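Quick note, the sequences are listed as chains U and R, same order. So in numbering that gives the first Met the number 0, spot 220 of the first sequence is number 219, and the numbers just go up one at a time. So in numbering that gives the first Met the number 0, spot 5 of the second sequence is number 4, and the numbers just go up one at a time. In this text, a Cβ means the ideal position worked out from N, Cα and C, and glycines have one as well. Just so we're clear, the structure is a prediction, and the values are computed from it rather than from any experiment. A short worksheet on the structure shown next.
2 protein chains.
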Amino acid sequence: MNLPLRPRDAKEGTRVSRSLGCALCSVRERSVCTAMHQKDLPEVEQRMARRHAQAGTALMTEGEPNETLFVLVKGSIRLSKQLEDGRRQVTGFLFPGDMLGMRKTQTAAYTAETLEDSYLCRFTHGFLDQAAERAPAVSDRLLHRAQHEYHRAQEHIVLLGKRIAIERVQYFIEIVDRAIGHDDPARGRLVPLPMPRQDIADYLGLRLETLSRTLGQLRKQGHLLLVNKHFLLRAETGNAPLI
Amino acid sequence: MNLPLRPRDAKEGTRVSRSLGCALCSVRERSVCTAMHQKDLPEVEQRMARRHAQAGTALMTEGEPNETLFVLVKGSIRLSKQLEDGRRQVTGFLFPGDMLGMRKTQTAAYTAETLEDSYLCRFTHGFLDQAAERAPAVSDRLLHRAQHEYHRAQEHIVLLGKRIAIERVQYFIEIVDRAIGHDDPARGRLVPLPMPRQDIADYLGLRLETLSRTLGQLRKQGHLLLVNKHFLLRAETGNAPLI
DNA sequence: CGGGGGTTTGAGAGCACTCAATATTGGTGG
DNA sequence: CCACCAATATTGAGTGCTCTCAAACCCCCG
């Protein structure tokens with residue numbers, strides 16, 4: 000699989016400091032802030048609110064207005080859509096460095112909720128519009144991220160339309176690994192799973208039981224050394240030396 | 000189903016005139032042009048190329064660079080992604096008024112090909128960047144369309160993740176109807192199908208045979224009065240009077 | 001009229017689903 | 001510190017929707 004995601008070394012994005020200024024922000028180079036005029040940064044530090052959100056906080060609700068852009072600094076977010084009959088589809092997960100609410104809207108197309116205690120930076124679109132006038136790169140940055148989300152959604156479409164259960168689960172593990180996985184002493188990759196099984200199943204278009212069985216299968220096959228509620232341990236992938 | 004698509008009355012977007020100026024363009028209000036400065040329009044008419052593209056023309060190819068924004072004035076376009084093993088997923092269809100290539104890119108995430116003889120307007124991103132400096136609404140318009148595409152992709156994800164075959168086919172008919180369907184003397188809606196069955200199946204994540212069977216089922220159930228290669232005829236939907 | 005791509009129909013198999021029981025985890029109170 | 005409970009996750013058995021393989025049909029075009 001060839002996933003258009005960020006490289007593994009992006010993992011230091013998980014560091015955060017509530018008190019440090021933007022210049023030291025761990026995810027700045029991936030967010031909209033990098034495009035702002037240097038002299039805007041002090042105002043950014045004043046105007047934006049870096050805040051803590053506890054697990055389960057709704058940042059945006061399907062059908063309701065949203066005037067805020069969020070930059071996720073630490074934690075994780077679940078995006079989901081509700082069907083009229085109550086069924087739910089998880090349309091994506093966000094990890095540190097990702098953005099939410101690229102554009103002001105009257106009726107949000109999806110719901111966004113934190114999966115764990117998280118840190119976020121907030122910008123009103125009023126402020127962003129001003130910043131965009133000074134620095135057109137701000138608009139481009141937003142467009143860039145919006146397009147990036149679109150491309151991820153297209154990958155997701157391919158996943159759901161063409162892949163069988165085991166391929167879906169492997170893909171999921173791959174993207175979470177790239178976003179927040181890290182090397183583990185036990186000679187493998189430790190991949191945190193901040194979301195419950197039901198969320199993963201709803202993301203992959205599988206039933207809870209099928210996901211569970213497939214994870215078990217991957218463990219038996221040796222692709223996974225360990226699977227538990229909050230993380231899993233991947234065996235080293237193919238490119239390890241054979242001798 | 001409650002689809003966030005454009006209303007039925009958008010169908011006059013299919014009219015086109017190769018020789019008329021932008022002021023009379025049938026899809027201008029939905030495209031980026033509406034955001035441009037009034038005094039830019041004459042230059043738009045000079046700089047952009049309104050061109051005819053015959054069926055099967057590749058406007059953008061997965062993995063290759065693209066520097067052009069296209070506005071589809073007449074016709075239809077298929078968006079698709081290729082898997083490493085040759086399987087193909089159709090990720091979307093574009094109809095008059097839709098745009099393609101909102102942002103310049105080095106490696107396009109998907110392939111875009113015309114399904115039938117079509118008319119398109121082309122803008123280089125160099126020109127668009129200039130227009131955006133004069134009129135910031137241009138950037139916003141691009142962001143708006145990019146977000147719109149993202150939302151359609153999310154609907155698609157819900158479709159593939161949660162819906163059974165017959166629901167998928169009904170959804171497909173609904174979106175094509177809203178885009179290019181029109182009233183028919185035989186008291187129904189005539190919905191053109193500019194794409195072959197295989198494309199529809201690859202869009203819906205179904206096998207060709209399953210799609211064909213499901214269309215037959217909808218015909219037997221009376222939802223469709225007629226199904227043939229190039230169009231179908233929908234029976235009037237539920238809101239007709241019962242007496 | 002004959003050829004050929006595209007589409008439809010048929011029979012049987014398989015993967016994921018459904019329903020159900022068991023096991024594990026995490027939190028709470030004795 | 002451990003017992004207990006509720007929520008979450010895993011495992012099992014059987015079913016069904018969609019897939020696979022195959023043949024027939026149809027329409028368009030030469």
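query: Which residue from U:Gln169, U:Gly62 and U:Ala200 puts its Cα closest to that of His222 of chain U?; result: U:Gln169
query: Pull up the distance between the alpha-carbon of Leu189 of chain U and that of Asn227 of chain U, whole angstroms please.; result: 11 Å
query: Would a C-beta distance cut-off of 9 Å place Tyr109 of chain R and Ala145 of chain U closer than the cut-off?; result: no
query: DSSP puts Val137 of chain R in a beta bridge; with which residues?; result: Bridge partners of Val137 of chain R: none, in fact.
query: What residues match up with Gln146 of chain R in a beta bridge as DSSP calls it?; result: Gln146 of chain R is not bridged to any residue.
query: Pull up the DSSP beta-bridge partners for Lys219 of chain R, would you.; result: Bridge partners of Lys219 of chain R: none, in fact.
query: Give me the Cβ distance between Glu44 of chain U and Gly20 of chain U, rounded to the nearest whole Å; I'm assuming they're in contact under 8 Å.; result: 6 Å
query: Bridge partners of Cys120 of chain R, per DSSP?; result: R:Arg49 and R:Val70
query: Can you confirm whether Asp97 of chain R, when its beta carbon is compared against all beta carbons of chain U, has any partner nearer than 9 Å?; result: no
query: Please list, in chain order, the chain U residues whose beta carbon lies closer than 8 Å to that of Ala178 of chain R.; result: Per Cβ cutoff of 8 Å: no residues; Ala178 of chain R is ~18 Å from chain U at best.
query: CA-CA distance, Phe126 of chain U and His143 of chain U?; result: 19 Å
query: Apart from the five residues on each side of it in sequence, which residues of its chain come closer than 8 Å, Cβ to Cβ, to Gly85 of chain R?; result: none
query: Taking the straight line between their C-alpha atoms, what separation do you get for Thr213 of chain U and Leu203 of chain U?; result: 12 Å
query: For a cutoff of 9 Å on Cβ pairs, would you count Arg196 of chain U as touching chain R?; result: no
query: Does DSSP classify Arg86 of chain U as helix, strand or coil?; result: coil
query: Whose C-beta lies closer than 8 Å to the C-beta of Glu115 of chain R among residues of the same chain, with five residues either side of it excluded?; result: Ala54, Gly74, Ser75 and Pro193
query: In three-state terms, what does DSSP make of Leu246 of chain U?; result: The requested residue 246 of chain U does not occur in the structure, where chain U is confined to residues 0 to 242.
query: Below 8 Å on the Cβ atoms is my contact criterion, and I expect Arg87 of chain U with Asp201 of chain U to pass it. Report the Cβ-Cβ distance as a whole number of Å.; result: 6 Å
query: Taking 8 Å as the cut-off, does the stretch 121-136 of chain U touch the stretch 52-67 of chain U (at least 3 CB pairs, one atom from each stretch)?; result: yes
query: How far does the beta strand (DSSP E) with Ala185 of chain R in it extend, from its first residue to its last?; result: Note, Ala185 of chain R: premise wrong, no beta strand (DSSP E); not H, not E.
query: Classify Gln105 of chain R as helix, strand or coil using the three-state DSSP reduction.; result: coil
query: Less than 9 Å between the beta carbons of Gln165 of chain U and Leu217 of chain U, yes or no?; result: This sequence places Ile at residue 165 of chain U; Gln is not what is there. Contact flag set, yes.
query: Using a Cβ-Cβ cutoff of less than 8 Å, which residues in the same chain neighbour Ala57 of chain U once the five nearest sequence positions on both sides are dropped?; result: Thr110, Ala111 and Glu112
query: Keeping to the same chain, check which residues put their C-beta closer than 8 Å to that of Arg102 of chain R; ignore five residues upstream and five downstream.; result: His124, Leu141 and Ala145
query: If the cut is a Cβ gap below 8 Å, which residues of chain U does Ser138 of chain R touch?; result: Ala131, Pro135, Ser138, Asp139 and Leu142
query: With 16 other CB atoms within 10 Å as the buried threshold, where does Ala178 of chain U fall?; result: buried
query: Is Gly160 of chain U helix, strand or coil when you go by DSSP?; result: helix
query: List the endpoints of the continuous beta strand (DSSP E) containing Phe94 of chain U.; result: Careful: Phe94 of chain U lies outside any beta strand (DSSP E) and carries neither H nor E.
query: If you compare alpha carbons, which of R:Glu132, R:Ser211 and R:Thr60 is closest to Asp39 of chain R?; result: R:Glu132
query: Quick one: what's got a C-beta closer than 7 Å to His229 of chain R's C-beta in the same chain, skipping five residues either side?; result: Pro191 and Leu192
query: Nearest-angstrom Cα distance between Ile199 of chain U and Glu154 of chain U?; result: 16 Å
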